[in-house]
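Residue numbers (our numbering), protein chains in the order written: chain A, 4 to 305; chain B, 4 to 305. What follows is one structure encoded as structure tokens, with my remarks underneath.
And the structure:
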């Protein structure tokens with residue numbers, strides 16, 4: 004029997020990446036489609052995939068790792084849809100419904116960060132773990148993960164970027180840019196927050212710019228909170244900010260300093276450089292995450 | 004076949020409560036033993052239980068819900084022990100080892116809050132849920148819970164009381180009493196923190212004392228963080244502070260205000276009084292939690 008062909012759809016705010024691959028993580032074909040309206044974008048996604056299926060053979064399952072908020076719970080009446088979002092035109096967009104109408108095969112639908120977490124678990128930096136989180140810090144900040152080997156859902160899904168952290172207005176008078184919460188973690192530490200505070204894009208700031216000390220401080224406060232709340236076995240950082248490898252040692256030191264030896268684990272006390280790590284799959288985390296979701300859909304069907 | 008007899012041990016910082024019961028939640032015998040040294044306390048626990056076993060018949064499983072930090076992971080070399088703690092004499096106390104030497108039956112060992120969460124899941128305020136947290140606010144602040152129907156562990160276990168939250172020193176100049184973190188959540192909002200800030204025990208403060216508005220504010224900040232991090236389907240509050248029923252409406256309003264309609268769930272937007280609730284088992288949460296752990300040990304053995 005030939006290796007089952009799986010479909011990975013990474014739905015992002017600016018583009019959808021569609022890929023065809025298999026359970027080894029191999030990508031056979033890939034395409035980028037701009038995120039415009041749901042019907043145009045999904046129409047082009049479907050057209051691309053139908054063309055690939057004619058060429059490569061029948062698909063067996065689809066994984067969709069999408070921007071949120073979204074409803075990932077199959078038993079829910081709004082399953083498969085985008086929930087109310089400031090993104091024009093996308094509130095209530097029926098992602099799974101549209102894709103399922105074109106392909107009558109199993110689909111798994113989850114957040115981009117849960118997808119990335121599953122990809123890291125299968126092929127990346129979380130292979131031997133049962134409880135860990137994946138956090139992306141870029142245009143926005145979001146987190147997902149596995150707890151006891153299962154993806155995090157609950158009421159809806161985590162919104163880790165929106166926790167409140169201490170904000171010393173004397174040290175940092177910037178008021179924050181989150182439209183809902185102003186100075187939540189995302190409002191203080193996302194890429195656009197860095198740009199608004201310092202007047203230039205984060206990626207143009209040199210490694211010795213004071214922006215990075217402050218950024219490492221906010222990231223460390225948030226990670227310490229996740230550690231106390233969830234007790235993850237590892238924290239994986241993805242997104243644009245995680246490419247700034249020079250801030251990892253600062254984050255490590257600050258997390259240790261904030262926790263102040265309260266949590267007596269060798270991973271935190273002695274091996275923190277292996278505890279808070281960059282994404283193992285790098286740029287591929289999103290699409291391989293969607294592929295891992297497709298693999299999960301395929302396994303459930305068996 | 005007769006109903007299996009189960010043992011519940013609730014290990015607290017001031018007393019150990021030992022009970023004999025069964026899977027319906029019925030308690031047949033109970034005793035309070037002061038927490039002194041590990042060998043004296045556990046010796047008296049064992050003596051009481053051996054006496055009860057002669058009277059009531061053979062025990063089938065034991066659940067131990069204990070103060071922490073502790074090691075709840077059976078595969079770990081320090082499983083069953085108390086981890087480094089400021090509590091004199093208890094660091095490395097081998098709780099499971101001592102009890103297992105006296106009773107050769109299955110044992111489940113977990114934190115007091117994970118025990119309480121499991122009890123609430125079986126008999127209390129979390130019966131229909133798969134993902135929720137139980138938070139105790141009293142002498143200390145601690146949290147546990149179930150995620151996808153499994154108790155939270157991970158690296159060690161959650162230490163939810165030690166998250167950092169915004170602290171406005173102008174509104175509240177009190178610097179916090181946590182010996183590790185000063186103004187973490189526990190340092191600002193535990194019973195001893197309330198007493199240190201206002202100069203009198205929390206339970207003697209009248210409902211219109213400004214202490215409660217501040218307390219509700221800190222609790223709401225912490226709960227909003229747990230909601231963003233974990234997406235629980237419900238939050239159950241136990242411990243001494245949760246007996247102050249007048250603060251629940253303040254907590255509800257503040258959580259809604261902090262989240263600011265970002266999480267579009269009817270449970271938060273419209274039914275928050277059923278979302279953040281007092282412990283269903285009240286004073287019995289601890290011992291019934293240990294009994295639920297015993298039931299789990301018994302089931303695993305089957």
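Note that beta-carbon positions come from the ideal geometry of N, C-alpha and C, so glycine has one too. Since we're looking at a predicted model, the values are computed, not measured.
Annotation: residue 238 (chain A) to residue 138 (chain A) spans about 7 angstroms, alpha carbon to alpha carbon. For residue 85 (chain A), the closest of A:21, A:132 and A:160 by C-alpha to C-alpha distance is A:160.
Taking residue 184 (chain B) as reference, the option from B:50, B:275 and B:162 with the minimal CA-CA separation is B:162.
Excluding residues up to 5 positions away in sequence, 109 lie with their Cβ nearer than 7 angstroms to the Cβ of residue 303 (chain A) in the same chain. Counting only the Cα atoms, residue 281 (chain A) lies some 40 angstroms from residue 15 (chain B). Note on residue 42 (chain A): under 16 other CB atoms within 10 angstroms of its CB, so exposed under the neighbour-count rule. For the pair residue 167 (chain A) and residue 228 (chain B), the CB atoms are nearer than the 8 angstroms cut-off. Annotation for residue 36 (chain B): no alpha helix (DSSP H) segment contains it, though the beta strand (DSSP E) segment containing it runs 30 to 37.
At least one CB of chain A lies nearer than 8 angstroms to the CB of residue 162 (chain B). Taking a cut-off of 8 angstroms for Cβ pairs, the segment 141 to 161 of chain A and the segment 147 to 155 of chain B touch, as three or more such pairs fall below it. Within the segment 225 to 239 of chain A, 227, 228, 229, 231, 232, 233, 234, 235 and 236 place their CB atoms closer than 7 angstroms to a CB of chain B, listed in sequence order. Residue 157 (chain B) belongs to the set of residues whose beta carbon lies under 8 angstroms from a beta carbon in chain A. Contact residues of the segment 181 to 193 of chain A toward chain B are 183 and 184 (C-beta to C-beta distance below 7 angstroms).
Inside the segment 193 to 226 of chain B, DSSP marks whole alpha helix (DSSP H) runs of 4 or more residues at positions 194 to 201, from first to last along the chain.
By DSSP's assignment, residue 65 (chain B) forms a beta bridge with B:10 and B:110. Note on geometry: alpha-carbon atoms of residue 48 (chain A) and residue 19 (chain A) lie some 8 angstroms from one another. Between the alpha carbons of residue 249 (chain A) and residue 119 (chain A) lies a distance of about 23 angstroms. At a beta-carbon threshold of 8 angstroms, the residues of chain A lying near residue 87 (chain B) are 267, ordered along the chain. With its beta carbon at least 8 angstroms from every one in chain A, residue 80 (chain B) lies outside the interface.
134, 150 and 151: these are the residues of the segment 129 to 152 of chain B whose beta carbon lies less than 7 angstroms from some beta carbon of chain A, given in chain order. Sequence-distant partners of residue 37 (chain B) (beyond 5 residues in either direction) whose C-beta falls short of 6 angstroms from its own C-beta, in its chain, are 18. The shortest C-alpha to C-alpha distance from residue 290 (chain B) to any of B:5, B:8, B:6 and B:21 is the one to B:21.
With contacts defined as CB atoms closer than 8 angstroms, residue 133 (chain A) and residue 70 (chain A) fail to qualify as a contacting pair. At least 8 angstroms separates the CB of residue 255 (chain B) from every CB of chain A.
For residue 51 (chain B), the uninterrupted alpha helix (DSSP H) segment begins and ends at 41 to 59.
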